[in-house]
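Participant:
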Amino acid sequence: MEAVVAAKPVIKVAAICGSLRKGSYNRGLIRTALEISKESINGIEMEYIDISPLPMLDTDLEVDGKFPPVVEAFRHKILESDSILFASPEYNYSVTAPLKNAIDWASRPPNVWGDKAAAIVSAGGGSGGSRSHYHLRQIGIFIDLHFINKPEFYLNAFQPPAKFDGDGNLIDPASKDKMKDVLVALQAFTLRLKGKN
Ligand SMILES: Cc1cc2nc3c(=O)[nH]c(=O)nc-3n(C[C@H](O)[C@H](O)[C@H](O)COP(=O)(O)O)c2cc1C
Numbered sequence: 001m002e003a004v005v006a007a008k009p010v011i012k013v014a015a016i017c018g019s020l021r022k023g024s025y026n027r028g029l030i031r032t033a034l035e036i037s038k039e040s041i042n043g044i045e046m047e048y049i050d051i052s053p054l055p056m057l058d059t060d061l062e063v064d065g066k067f068p069p070v071v072e073a074f075r076h077k078i079l080e081s082d083s084i085l086f087a088s089p090e091y092n093y094s095v096t097a098p099l100k101n102a103i104d105w106a107s108r109p110p111n112v113w114g115d116k117a118a119a120i121v122s123a124g125g126g127s128g129g130s131r132s133h134y135h136l137r138q139i140g141i142f143i144d145l146h147f148i149n150k151p152e153f154y155l156n157a158f159q160p161p162a163k164f165d166g167d168g169n170l171i172d173p174a175s176k177d178k179m180k181d182v183l184v185a186l187q188a189f190t191l192r193l194k195g196k197n
């Protein structure tokens, strides 16, 4: 008799990039994550959420408990996701201003990040953006995001041989494997948090 393997419940992952740059390496990492989640992992539905339309946070823009429409739309995308993949470039040893802005908007009451699983990947200079991970993890404490601890993924984008092509697409096979490991860990942790494994 053949063993029946139960299909994994599908989780929704919101993928967010902290860089607004057209040729962003970090958005390249998200494109790779989208490709891997579609083609080689069962049970992940990933969507890229663009943070570039968000205005700079100003609580005067909140009127009668409502947010500007683009903020409402962003908050809704986060609310309906089970977990978050952050591609977090490092600016001056920390997270970027656009990413912090997006995080702050979605943290306004009611905080829509709460109880979700999250993972961080990054590409950058010497440290590969890794110092931004620790600031992002610290931010996560207050907004009740739960980050996977390992595997850690940070990539020096400037060290030869080239890891990205001219359009910011990841072309390094070893890094693609690492990305898959991160996504598998995020999926497992998300299901654990939801009590579905
Ligand atoms: C304002 C600014 C500050 C930066 N600070 C750092 C830094 O502290 N550490 C680092 O490794 N790279 C730093 N960089 C380099 C970025 O990590 C690098 O440009 C990276 O490619 C940005 O990500 P992106 O390709 O997704 O836009 C900085 C870049 C800018 C624009």
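Take the sequence shown: its letter number 128 is residue 128 in full-length UniProt numbering, and every next letter is one higher. Cβ atoms here follow ideal geometry from the backbone N, Cα and C, with glycine treated the same way.
1) Count the other CB atoms, across all protein chains shown, that sit within 10 Å of the CB of Glu90; report buried if there are 16 or more and exposed otherwise.
2) Please determine whether the Cβ atom of Glu90 lies at a distance below 7 Å from any heavy atom of ligand 1.
3) For Ser81, tell me which candidate among Pro173, Ala117, Ser122 has the shortest Cα-Cα distance.
4) Are at least three pairs of beta-carbons, each pair with one atom in the stretch 169 to 187 and one in the stretch 36 to 44, less than 8 Å apart?
5) For the 8 Å Cβ check, are there 3 or more pairs between the stretch 45 to 63 and the stretch 102 to 120?
6) Within the continuous beta strand (DSSP E) that includes Asn156, where are the two ends?
7) Kindly indicate which three-state DSSP category Phe67 falls into: helix, strand or coil?
8) Looking only at its chain, what residues have a beta carbon closer than 8 Å to the beta carbon of Asp165, apart from the 5 residues adjacent to it on each side?
9) Where in the stretch 109 to 170 do unbroken runs of the beta strand (DSSP E), each at least 3 residues long, occur, reported from the N-terminal end onward?
10) Along the chain, which unbroken stretches of the alpha helix (DSSP H) at least 4 residues long are found entirely within the stretch 17 to 82?
11) Are there three or more Cβ pairs, one per stretch, closer than 8 Å when the stretch 127 to 135 is compared with the stretch 47 to 54?
12) Taking Ile41 and Leu183 to be in contact with their CB atoms under 8 Å, please state how far apart those CB atoms are, rounded to whole angstroms.
13) Would you say Ala14 and Ile30 are within 8 Å of each other, going by their C-beta atoms?
14) Give the range of the alpha helix (DSSP H) segment to which Val182 is assigned.
15) Beta carbon of Arg21: closer than 7 Å to some heavy atom of ligand 1?
Facilitator: So, to answer that:
1) buried
2) yes
3) Ala117
4) yes
5) yes
6) 153 to 156
7) coil
8) Ile171
9) 116 to 124, 145 to 147, 153 to 156
10) 25 to 39, 69 to 79
11) no
12) 6 Å
13) no
14) 173 to 193
15) yes
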